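Data first, discussion second: the structure below is written as structure tokens.
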Amino acid sequence: MITLTHFLVVSACLFSIGLYAVMARRNAIIVLVGIELIINAAMLNLVAFGRYDAERYGGQAFALFAIVLAAAGVAVALAIILNVYKHYKTINPEDINQLKD
Amino acid sequence: MQALVFYAFAAIAIGSAVILVSMQNLARALFLFFIVLFSVAGLYVFALADFVAIAQILIYVGGVLVLMLFAFMLSNKTLLDQLQTGTAHFFALPVWQALLISCGFLTILVYASVHLGSHQPTWITTAETAGSTIAPADSTIQHIGIQLMTRYLLPFEVISVLLMMALIGAAHLTRKEDRT
Chain A
1 MITLTHFLVV SACLFSIGLY AVMARRNAII VLVGIELIIN AAMLNLVAFG RYDAERYGGQ
61 AFALFAIVLA AAGVAVALAI ILNVYKHYKT INPEDINQLK D
Chain B
1 MQALVFYAFA AIAIGSAVIL VSMQNLARAL FLFFIVLFSV AGLYVFALAD FVAIAQILIY
61 VGGVLVLMLF AFMLSNKTLL DQLQTGTAHF FALPVWQALL ISCGFLTILV YASVHLGSHQ
121 PTWITTAETA GSTIAPADST IQHIGIQLMT RYLLPFEVIS VLLMMALIGA AHLTRKEDRT
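So the sequence lines, in the order shown, correspond to chains A and B.
Its first residue numbered 1, the first sequence is counted upward by one per residue in this note's numbering.
Its first residue numbered 1, the second sequence is counted upward by one per residue in this note's numbering.
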């Protein structure tokens with residue numbers, strides 16, 4: 001029998017891995033992948049708790065909204081990464097040290 | 001049998017995520033992200049959210065990952081140069097600090113979720129005793145459609161406007177500056 005705790009432990013692992021990727025890696029695309037892992041962990045929690053809500057389907061509906069938010073975030077973030085790359089010729093966040101042209 | 005498949009999906013997801021964050025090759029890391037997303041979609045099916053699983057595969061694997069691969073290919077050259085300079089300054093935080101923080105988060109979250117079994121929220125226990133949980137035979141797609149068009153109509157509209165704004169913003173950010 002798969003209980004709620006199983007899902008929560010799996011999503012805790014995914015969250016920690018994503019947090020590590022955001023903090024430790026020095027490539028903007030991998031940092032973005034880490035953020036996506038964190039969003040996926042949150043969505044796994046939403047869906048796991050949503051199993052007990054057959055009346056409103058809140059968990060699954062808001063998991064769908066979270067997917068849309070993640071997609072919008074990725075589109076804008078990748079546009080910014082490409083612009084930064086055009087300007088600085090690098091996507092290492094530590095070499096990007098000024099906001100003005 | 002069911003638990004075995006669940007453990008297999010969970011192990012694939014966590015294992016390939018661990019390899020992903022420790023890998024230097026960006027292209028391989030992105031394809032491992034592909035595997036993570038597929039197995040997380042499998043876990044959604046175990047939580048009886050089949051529509052969310054299909055949406056995950058369609059949007060993430062079909063859209064997000066292709067975008068990431070494009071960004072990788074367009075910013076490829078510097079990456080190889082950066083790899084050739086060695087691993088001396090490859091990390092933002094030192095690895096041990098990041099490991100410490102994420103392991104701390106992991107222990108706190110696992111502790112909390114293990115203890116959730118004995119202190120379940122009341123709405124979960126009432127739903128379990130009343131038998132109003134989602135059954136495997138329920139048609140979730142029909143219910144989600146009805147709820148999206150009635151109870152969650154405002155968030156639905158807000159999120160569609162936000163998605164349009166994000167797409168316009170992304171197109172605006174990546175346009176050519178020369179022909180103003």
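We put the beta carbon where it would ideally sit given N, CA and C, even for glycine.
Treat the numbers as computed from the prediction; the structure is a model and nothing was measured.
- Between the beta-carbon of B/Ala-98 and that of A/Tyr-20 there is about 5 Å, and that keeps the pair under the 8 Å contact cut.
- Within the region 31-80 of chain B, the complete alpha helix (DSSP H) segments at least 4 residues long are 50-56 and 65-74, listed from N- to C-terminus.
- In terms of Cα proximity to B/Phe-105, the closest of A/Ser-11, A/Val-31 and A/His-6 is A/Ser-11.
- Under the criterion of beta carbons closer than 8 Å, B/Gln-24 and B/Leu-37 do not qualify as touching, at roughly 21 Å.
- CA-to-CA, the gap between B/Ser-132 and A/Ala-71 works out to about 32 Å.
- Neighbours of B/Ser-132 in chain A, taken as residues whose beta carbon is under 9 Å from its own, are Tyr-52, Asp-53, Ala-54 and Glu-55 in chain order.
- At a C-beta separation below 9 Å, B/Gly-62 has no neighbours in chain A, since its nearest C-beta there lies roughly 10 Å away.
- For A/Leu-99, there are no neighbours in chain B by C-beta distance under 8 Å, as the nearest C-beta there is about 15 Å away.
- Annotation for A/Ala-48: Leu-4, Phe-7, Leu-8, Ser-11 and Gly-59 place their beta carbon closer than 8 Å to its own, counting only its chain and skipping 5 residues before and after.
- Neighbours of A/Ile-29 in chain B, taken as residues at a C-beta separation under 7 Å, are given in chain order as Leu-26, Met-68, Ala-71 and Phe-72.
- Taking 8 Å as the upper bound for CB-CB distance, A/Met-43 and A/Ala-75 are not in contact here, some 18 Å apart.
- Here B/Ala-11 is exposed: its Cβ has fewer than 16 other Cβ atoms, across all protein chains shown, within 10 Å.
- A/Cys-13 counts as buried, since at least 16 other C-beta atoms from the protein chains shown sit within 10 angstroms of its C-beta.
- Distance from the Cα of A/Ile-96 is smallest, within the candidate group A/Ile-38, A/Ser-16, A/Asn-27 and A/Ala-61, for A/Asn-27.
- The C-beta of B/Ser-113 comes closer than 9 Å to at least one C-beta of chain A.
- Counting only the Cα atoms, B/Ile-35 lies some 11 Å from B/Arg-28.
- The beta carbon of A/Met-1 lies closer than 6 Å to none in the same chain, with the five residues before and after it left out.
- In terms of Cβ geometry, A/Asn-40 and B/Val-18 do not form a close pair [threshold 9 Å].
- A direct Cα-to-Cα measurement between A/Val-33 and B/His-115 gives close to 30 Å.
- When secondary structure is reduced to three states using DSSP, B/Ser-113 falls in the helix class.
- Neighbours of B/Ser-75 across chain A, judged by C-beta separation under 8 Å: Ile-29, Ile-81, Leu-82, Tyr-85 and Ile-91.
- Here the C-alpha atom of A/Leu-69 lies approximately 11 Å from the C-alpha atom of B/Ile-59.
- Between B/Thr-140 and B/Ala-47 the beta-carbon gap is near 11 Å, outside 8 Å, which marks them as no contact.
- Residues are counted here when their Cβ sits less than 7 Å from a Cβ of chain B; for the region 12-24 of chain A these are Ala-12, Cys-13, Leu-14, Phe-15, Ser-16, Ile-17, Leu-19, Tyr-20, Ala-21, Met-23 and Ala-24, given in chain order.
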